[in-house]
Amino acid sequence: MPTDIAFLAIAEAQQLYHWLPAALELARRPGVRVSVLSPSDKLLALIGSYDPDGRLTQVRLARPPSGPDSLFRQPSRLATLLLNHRRIARFPTVVTTEISSAWLRRMPGFASRMILIKHGAGDREGGYKKRHADFDLTLVAGEKDRRRMIERGLCADTRIAIGGYPKFELKAPRQRFFADDKPVLLYNPHFDPVLSSWIRHGPAVMAALESLDGWNVLIAPHTKLARRVPPITSAAPHIRVDMGSRRSIDMSYTMSADVYLGDVSSQVYEYLIEPRPCIFLNLDHRDARCETFAHWRLGQVIETMDGLPTALARANALQAGFLGVQEAAMRDSIDLSPIPASRRQADIILDFLKDAA
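Per the working numbering, the very first residue in the sequence shown carries number 118; after that it's consecutive.
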């Protein structure tokens with residue numbers, strides 16, 4: 118009998134990059150059958166673009182009525198689970214990157230083993246919720262998340278493992294997004310309404326970016342921000358805005374920027390796969406000593422947009438002083454083993470299933 122493993126794709130497209138490499142690797146293993154369950158034709162098409170040999174069995178789940186279907190707008194996860202829980206329960210092992218699936222534990226007859234691949238590697242406290250404790254096994258990117266999950270009582274040390282960051286295996290190459298050779302600043306605001314630099318300070322941020330001389334600017338917010346705010350627009354020729362596309366989630370922008378400007382997004386750790394200058398916005402004058410802002414040690418921190426031109430002018434000269442802490446933070450956040458993360462995650466999952474049999 119083959120080992121049947123189902124990967125749930127009920128979240129928005131940005132999450133699939135965190136589980137898809139492991140799914141493809143498992144599908145290459147003898148005696149393993151991998152199914153991808155999703156209510157979205159758009160998500161299944163994107164997944165299929167990374168699976169030209171058709172190794173993954175695509176299963177189209179029922180959609181809640183009137184639910185949207187785009188890469189970044191999906192129907193209620195709970196509604197999707199309620200509508201499909203019997204079908205999902207047919208699989209003995211379910212892998213997901215989102216904690217809403219923990220609701221399956223409360224549905225009649227559901228007895229599948231549940232594995233969570235924690236997506237992202239950021240510092241925000243919102244990345245740690247009680248529902249994390251409902252999974253049989255959790256895979257994290259590095260020691261930082263392992264330590265924090267255990268400290269918060271969300272995982273026993275026997276139910277959590279470090280598997281690296283498989284998204285790096287699907288990263289886009291560096292690209293040219295502007296006609297000239299000016300350096301590129303990436304502004305990557307988060308969606309959190311309390312912590313985002315855009316939601317409360319958007320006009321001041323845009324005015325500063327539009328007035329920059331000698332820079333091109335990519336504005337690529339977390340895709341969830343588009344649900345909370347009107348579309349970000351600018352007529353400035355040196356500014357390009359992407360409110361949600363494949364490029365905004367496949368590392369096209371983080372790989373192509375020369376300086377990172379942000380607040381609390383975990384994408385800073387994707388950007389730092391190649392250490393480069395960072396600038397962080399503390400426009401609400403927060404106490405940066407708590408863990409949520411741990412990454413603010415990795416670059417300059419400015420408290421008004423008036424400080425942006427000076428910070429940019431100094432960025433390259435100051436980078437040598439930040440290099441050591443950037444590299445240390447990356448080692449703690451993402452375990453960059455020479456063994457591909459997809460292979461490590463596949464081995465961890467199969468070893469777990471063997472022990473649980």
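The beta-carbon is built from N, C-alpha and C at its ideal position, and this holds for glycine as well. Since the model is a prediction, treat every value here as computed from it, not as a measurement.
Anyone know if the C-beta pair for Leu342 and Pro306 falls short of 8 angstroms? yes
Which residues DSSP lists as bridging Phe124, in chain order: Val153 and Val212
Where the alpha helix (DSSP H) through Ile398 begins and ends: Contrary to the premise, residue 398 reads as Leu rather than Ile in this sequence. Where Leu398 is concerned, there is no enclosing alpha helix (DSSP H), although the beta strand (DSSP E) it sits in stretches over Cys395 to Leu398.
Given 8 angstroms, three or more beta-carbon pairs between the region 316-330 and the region 150-163: no
Span of the beta strand (DSSP E), counted from its first residue to its last, around Gly379: Val376 to Gly379
Residue range of the alpha helix (DSSP H) that includes Tyr558: Here the chain has residues from 118 to 474 only, and residue 558 is not among them.
When you compare only the Cα positions, how much space is there between Arg414 and Tyr377? 14 angstroms
Give me the residue from Arg345, Ile232 and Arg293 with the minimum Cα distance to Pro310. Arg345
Applying the criterion that 16 or more other CB atoms from any shown protein chain within 10 Å of the CB defines a buried residue, is Ile164 buried or exposed? buried
Between the C-alpha atoms of Ala463 and Thr210, what's the straight-line distance to the nearest angstrom? 13 angstroms
Candidates His236, Arg248 and Gly243, of which the one nearest Arg222 by Cα: Arg248
What whole-angstrom Cβ distance do Leu398 and Ile419 have, given they're in contact under 8 angstroms? 6 angstroms
Along the chain, where does the beta strand (DSSP E) that runs through Met231 open and close? Arg230 to Ile234
Give a yes or no on contact between the region 241-259 and the region 272-281, applying the rule of three or more CB pairs nearer than 8 angstroms. yes
Per DSSP, which one or two residues make a beta bridge with Ala278? Leu256
Using three-state DSSP, classify Thr350 as helix, strand or coil. coil
By how many angstroms is the C-alpha of Arg317 removed from the C-alpha of Val289? Looking at the sequence shown, residue 289 is not Val but Ala. So the two alpha carbons sit approximately 31 angstroms from each other.
Straight-line Cα distance separating Tyr245 from Ile205: 25 angstroms
What is the DSSP secondary structure of Leu453, counted as helix, strand or coil? coil
Of the residues Asp274, Arg241, Pro147 and Ala126, the one placed nearest Tyr386, counting alpha carbons only: Arg241
When burial is assigned at 16 or more other CB atoms within 10 Å of the CB, is Ile456 buried or exposed? exposed
Would DSSP call Gln292 helix, strand or coil? coil
So, are the CB atoms of Tyr167 and Ile366 less than 8 angstroms apart? no
When DSSP builds the beta bridges, which residues end up paired with Ile356? Val334
Got a sec? Which residues, its chain only, sit under 6 angstroms from Arg263 by beta carbon, not counting five neighbours each side? Val257, Ile277 and Ile279
By alpha-carbon positions, which one of Gly171, Val153, Arg393 and Met266 ends up nearest to Ala238? Met266
Cutoff 8 angstroms; reference Arg460; Cβ partners in own chain excluding five residues on either side: Glu142
Three-state secondary structure (DSSP) of Val322: helix
Backbone CA spacing between Val151 and Arg364 [nearest angstrom]: 27 angstroms
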